[in-house]
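The structure under discussion appears below in the form of structure tokens.
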Amino acid sequence: MDQPDFLTAVGQGDAPAVAAMLAADPSLAAPRSGQVADPVALAARHGHLAVLRLLLERGAMEAAEGDPREAPTALMAAASAGHQDAVALLLEHGADPALRDPAGRTAADLATEAGHADLARRLSTDAEAERMVW
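Residue -7 is where the sequence shown starts when you use the numbering used here, and the numbers rise one by one after that.
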């Protein structure tokens, strides 16, 4: 089992193939150092909920947050693509809406730039609530 085949299955939304590959090698869910694509961000960007759920159930959320200065987080990817269900699932699993990319943009900012105003409002509200907790 190799990472490129796994990423292809994730990108195509092939949940049965992803599940089989994860059963054989659970480490596939975590991005590799220097890897171009993070599996969780890839599934989120394409709105593949079944695959996203599989990855999150296997604890891939921590890796998906990563360092937003290096690559967009899964939440940023889902928000910029307008995938509301993916955004909701990521938030349920602890995605941080307050993280910023190298340009200082949050997931809400990226959603706004991509024309997803309703999603941006929801994310802004979640980010404000997060800041108020701290």
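Built from N, CA and C at the ideal position, the CB exists for glycine as well. Since we're looking at a predicted model, the values are computed, not measured.
Bounding residues of the alpha helix (DSSP H) (the contiguous stretch that carries residue 98) = Taken as a continuous stretch (DSSP letters only), residue 98 belongs to no alpha helix (DSSP H), as it is neither H nor E.
ask   = Do the stretch 88 to 96 and the stretch 42 to 56 meet, that is, are 3 or more Cβ pairs less than 8 Å apart?
value = no
inquiry  = Our contact map puts residue 67 next to residue 87 with C-beta atoms below 8 Å; I'd like the distance itself, whole angstroms only.
reply    = 4 Å
ask   = Going by the CB atoms, is the gap between residue 108 and residue 78 shorter than 8 Å?
value = no
ask   = Taking C-alpha atoms, which residue in 75, 100, 18 and 105 lies nearest to residue 36?
value = 75
Contacts around residue 13, its chain only, beta-carbon distance under 8 Å, and the 5 residues preceding and following it disregarded = -7, -3, -2, 1 and 20
query = For residue 114, which of helix, strand or coil comes out of DSSP?
reply = helix
query = When the distance is taken between beta carbons, is residue 111 closer than 8 Å to residue 81?
reply = no
ask   = Using CA coordinates, which residue listed in 113, 7 and -5 is at the minimum distance from residue 40?
value = 7
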